[in-house]
Amino acid sequence: MSNQIVQGILLGGYYALIACGLSFMFSVMRIINLAHGSLAVLSAFALWLLASRFHISPFLGLVIVLPLMAVIGWALQRFLLERSARGGALLPILTTFGLAIVIDNVLFEQFGADTRSLAPYIGSLSYDSWEWPGSIYVGKLAVIIFITAVVLLGGLQLFLTRTGIGRSIRATSEDPDTAGLVGVDARRAMAIAAAIAMVTVGLAGAFLGMRATFDPYAGATQLLFAFEAAVIGGAGSVWGTLIGGIVLALAQTLGAQVHPQGFLIGGHVAFLIVLFIRLYTSGLGLRGLLRLSTGKTS
Amino acid sequence: MSVVSPVIERGTVASRIAGVGVAMIIVLLAVAPQFLSAGVVDRMTALFIYVILAAMWNALAGFGGLVSVGQQVFFGLGAYFAIRLANAGLNPFVSLFVSAVIVGVVSWPISLFMLRLKNGEFAIGMWVIAALTHLLVNLDRLIQGETGTSLISLNVYDASTRRVTIYWLALASMTALLAILFGLLRGSTGAAIRAIRDNEDAAASVGVRVTGTKRLLFVLAAFGIGVAGALWLATAITFQPKTYFSVQWTAYMIFMVLVGGIGTFEGAILGALLFFLIETWFGGTGVWYLIGLGATALVFSLFLPRGLWGTLEEHFGWRLLPVGYRVRLPARAANMADETASPAQTRPHREKA
Amino acid sequence: MSLLSVEDLVVRHGLLQAVRGVSFSVERGETLALVGANGAGKTTLLRAIAGAHQAASGRVLFNGADLSGVPSHSRVRNGIALVPEGRKLFVQMTVEENLLLGKTAGRPGEWSVEKVLDAFPNLKPRRHAKAGHLSGGEQQATAIGRALMSNPDLLLLDEVSLGLSPLVVDRVYASLQGLISSGTTIILVEQDLNRALSVSNKVICMLEGRVALAGDSRSMSREEVTKAYFGLHRKSATGVPA
């Protein structure tokens, strides 16, 4: 049992990683990017291509793919989302959904239906583990992912609270109009935020490929996981996302114990329960479940 | 300065002609199976189902302002309950209808919960519900997971009787659902919907039951989509959860409504028609067809968010099936007033997509 | 060359014409008071000058340069800073963070967080408090300080006395006096006619989007301004006394 718990916690690190980009984009731009999961899968396929065709190890491949994802994020915001957001709060949902369909099917067209994995390209890392007292086996990769998630979230928090650009992004996320009056280029801030979000997505996609398999249509599942982890973690701080990821993973692990099909069901049910509690105890004015409040807690 | 009173009217000459036209079309469609081949009858049935899907998703998103990426849950449940009912011994055709009613009933408690979410959260929240429901349906021993099962009891009827009956059922359902929607929109619910779309808080402050109206649309859409799912089962006979609960159906609905014209009654029908044609011509090209659908939806959302009909309506003031009011100022007053006489002023379908 | 020159500015607010052909100029070092009833177009005018509102027609010239199409954040870099109506602080951020945001435009100058805290000493103990937890007077001080941090050549103040008690307003204006004496060019929108006339050297009264009266604050009588304020002497649109 304790083995499962440890696995669950470590898996939570992955979920936190893939969730934080979604939350971040929502906080700053008020847009839920339905193509989020598909973009992670895109990153995974890119790394797979580099590994299988050009023999570049996925970790090295990140040096190429992550900047690429940043550019994609920037372009996405500037050319698609900015325009779409002008049409109201509902239009971006449709735009990003259309984008997801396009990405999924282009990937299918290019790579076919086979499931792929980055595991063959990272040597023994995919299955190496340490043994802890109490015969608990902890995968090295899982730990790396967890640590990366923590470092990334911490870095993001520091970036937002300590740097000028971070402050500009926070100001833009609160009030883009006034931000402009103070000298902050809101459009630029949003584009930078989107780039940052896409870098996290790229990283998440890499880890998805390493720890599991993926296929062109895997984006939808990843999106749902990201969303659920973000909502469970709730608005609060960047760390809420980590907690949300861990809770989701534990619920899934628990569900798997109960029933062979229970993994996914466990996660969905946990999400709905948390949602239920959140909706009925927070009263009026639920200003968005995903908002990352990034100010220093008083 | 003498006061010239404006005339407030519902229909125009064009809309009256359209009204007659619609009645004629329905009659034509009803007798059509006599003259059409089996394959065409099947395709027409599919068209009717698409119209239902488009109209219902539009009712939810275009009129209710609720964009859901999880409506496939009701499509799948419509088919699932029909299978279950038929398995329990109920006549397959009756099962279809009862199943849809059950879907409507089931959607009510879901709405109590989900309608508290906003915008994107509501959209994905419904997707989660769809995913969960899919998983739960898979657990049903009758369904045998992804293997699925069939509406075997339909095989009692011979193929052509089956085909024509389903055709008529689809036509009747489509007409009925469109009529219900049309009636709702012309009534006080329609006014409530437009008020909510323009400014939810202001609407609430004058006594419009905001959540109640949204709930009504939610349940109606669920019911309608459930009907569509049940009908689809009747045409396809087999039930594989993966097919019915696939987010693909939402993709189709979004395409139809976005291209046709979100928030316009005629737009949904136009979108379904276009989708039907595109599917007939290009459906066989596999993945490029889907890429095309997604890309088109994307492009429309950015450059033509009001869809084809919406844009035409805005430019030319066309209104075939009027659900709003028009103010027509007599000629003298029109000369005196500044910009008040244009029909665009009384557009019932405002911006918000 | 005037520091600011507004020529035939027309600004729409939705379907409404909020500013209908306003022209005036402000010289370096002047303090212009913009008065008028609610809805006269004062806030819209200030926002248009700051770039938050796009003008339908007309020009805003700053240091001779046409600002048409220049977004608000660029205008801050040029030297225009607006203290918006209602303060509009970033409530999730601390006082210090709000002030630091003012530095984003990167204009050189003497203003710094320390200098602002010296100018508004009541803020010193609240440096790390979240802006949402401040009192009205403290918020106003922070908002003004935030604008000052960009070292503006032209400071626009929109209703700084709104929602504040008279004592607090006194304090705010006392700080403003320091600014005025040091030569900062200011345009301030003010409901309180007395204050407006006493602190400024030029006054413009707006009515329904147009300039109803413009002239020297000292030489203008209260009656003249009051009449223009309420539109009691409506003959020509811009009744500039000889």
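Sequences listed follow chains V, L and X, in order.
Following the working numbering, the numbering of the first sequence begins with 1 at its first residue and continues without gaps.
Following the working numbering, the numbering of the second sequence begins with 1001 at its first residue and continues without gaps.
Following the working numbering, the numbering of the third sequence begins with 2001 at its first residue and continues without gaps.
Cβ atoms here follow ideal geometry from the backbone N, Cα and C, with glycine treated the same way.
These figures come from a predicted structure and were not determined experimentally.
Does residue 268 (chain V) have its Cβ less than 7 Å from a Cβ in chain L? With 7 Å as the cut-off, residue 268 (chain V) counts as an interface residue toward chain L.
If you drop the 5 nearest sequence neighbours on each side, which residues of the same chain put their C-beta closer than 7 Å to that of residue 262 (chain V)? 255, 256
Cβ shell of residue 146 (chain V) (< 6 Å), same chain only, five flanking positions each side left out: 10, 13
Could you name the residues of the same chain whose beta carbon sits closer than 6 Å to that of residue 173 (chain V), not counting the 5 residues immediately before and after it, in chain order? 27, 28
Endpoints, the alpha helix (DSSP H) within which residue 2168 (chain X) is located: 2166 to 2181
Along chain V, which residues have their Cβ under 8 Å away from the Cβ of residue 1251 (chain L)? 97, 101
With H, G and I counted as helix, E and B as strand and the rest as coil, what does DSSP make of residue 2161 (chain X)? coil
Reducing DSSP to helix, strand and coil, say where residue 1274 (chain L) ends up. helix
Assign residue 57 (chain V) to one of three DSSP states: helix, strand, or coil. coil
Could you work out which residue in V:71, V:98, V:72 is closest to residue 84 (chain V) when comparing CA atoms only? Ranking V:71, V:98, V:72 by Cα distance to residue 84 (chain V) puts V:98 first.
Status (buried if at least 16 other CB within 10 Å, exposed otherwise) for residue 1134 (chain L): Buried.
So, is the C-beta of residue 2139 (chain X) closer than 7 Å to a C-beta in chain V? no
Going by DSSP, which residues form a beta bridge with residue 2019 (chain X)? Answer is X:2011.
Which class does residue 178 (chain V) belong to by DSSP, given the choice of helix, strand or coil? Helix.
Does residue 2001 (chain X) come out as helix, strand or coil in the three-state DSSP assignment? coil
Which residue spans inside the segment 162 to 213 of chain V form an unbroken alpha helix (DSSP H) run of at least 4? 164 to 174, 176 to 182, 186 to 211
Please check if any C-beta of chain V sits within less than 7 Å of the C-beta of residue 1155 (chain L). Not closer than 7 Å to any Cβ of chain V, the Cβ of residue 1155 (chain L) fails to qualify, so no.
Starting from residue 72 (chain V), find everything on chain L with Cβ-Cβ shorter than 9 Å and list it in chain order. Annotation: residue 72 (chain V) has no Cβ neighbours in chain L at a cutoff of 9 Å; minimum Cβ distance is about 15 Å.
According to DSSP, residue 2055 (chain X) sits in a beta bridge with which residue or residues? X:2011
With 7 Å set as the bound, which would you pick, yes or no: does the beta-carbon of residue 287 (chain V) sit closer than that to a beta-carbon of chain X? Because the pLDDT at residue 287 (chain V) is just 42, under 50, the model does not fix this residue reliably, and the value given afterwards should be weighed accordingly. With its beta carbon at least 7 Å from every one in chain X, residue 287 (chain V) lies outside the interface.
What residues from the segment 218 to 230 of chain V come within 9 Å of chain L, judged by C-beta to C-beta, listed N to C? 220, 221, 223, 224, 227, 228
Mind checking if residue 189 (chain V) is an interface residue toward chain X, Cβ cutoff 7 Å exclusive? Under the Cβ distance rule, residue 189 (chain V) does not count among the residues neighbouring chain X, no pair being separated by less than 7 Å.
For a test of the three-state rule: what should DSSP assign to residue 2 (chain V), helix, strand or coil? helix
In chain order, which alpha helix (DSSP H) runs of at least 4 residues are fully inside the segment 1204 to 1285 of chain L? 1210 to 1236, 1241 to 1244, 1248 to 1260, 1265 to 1282
Should the segment 2100 to 2113 of chain X be regarded as contacting the segment 2048 to 2056 of chain X, the criterion being three or more beta carbon pairs within less than 8 Å? no
The alpha helix (DSSP H) with residue 2114 (chain X) in it runs from where to where? 2113 to 2119
My guess is that residue 72 (chain V) and residue 198 (chain V) are in contact by the Cβ rule of under 8 Å, so how many angstroms apart are they, rounded? 5 Å
Looking only at its own chain, which residues have a Cβ that is under 7 Å from the Cβ of residue 200 (chain V), when we skip the five neighbours before and after it? Once the five neighbours on either side are set aside, the close Cβ partners of residue 200 (chain V) are 17, 20, 21, 152.
Give the interface partners of residue 2119 (chain X) over in chain V, defined as CB-CB distance under 9 Å, in chain order. Residues of chain V passing the Cβ test: none, with the nearest at roughly 18 Å.
Helix, strand or coil: how does DSSP classify residue 2093 (chain X) here? coil
Spatial neighbours of residue 1275 (chain L) within its chain, please: CB distance less than 7 Å, with the 5 preceding and 5 following residues excluded, ordered by chain position. Here residue 1275 (chain L) has 1050, 1252, 1255, 1256 as same chain residues with Cβ atoms under 7 Å from its own Cβ, once five neighbours each way along the sequence are excluded.
Among residues of its own chain, excluding the 5 on either side of residue 1145 (chain L), which ones have a beta-carbon nearer than 6 Å to its beta-carbon? 1138, listed in sequence order.
Counting C-beta neighbours from all protein chains within 10 Å, is the total for residue 2174 (chain X) 16 or more, i.e. buried, or is it exposed? By the 10 Å Cβ count, residue 2174 (chain X) comes out exposed.
Looking at chain L, is there any beta carbon in it that lies within less than 7 Å of the beta carbon of residue 258 (chain V)? no
From the DSSP output, which residues share a beta bridge with residue 117 (chain V)? V:213
Beta-bridge pairing of residue 2203 (chain X) - partner residues as DSSP gives them: X:2033, X:2215
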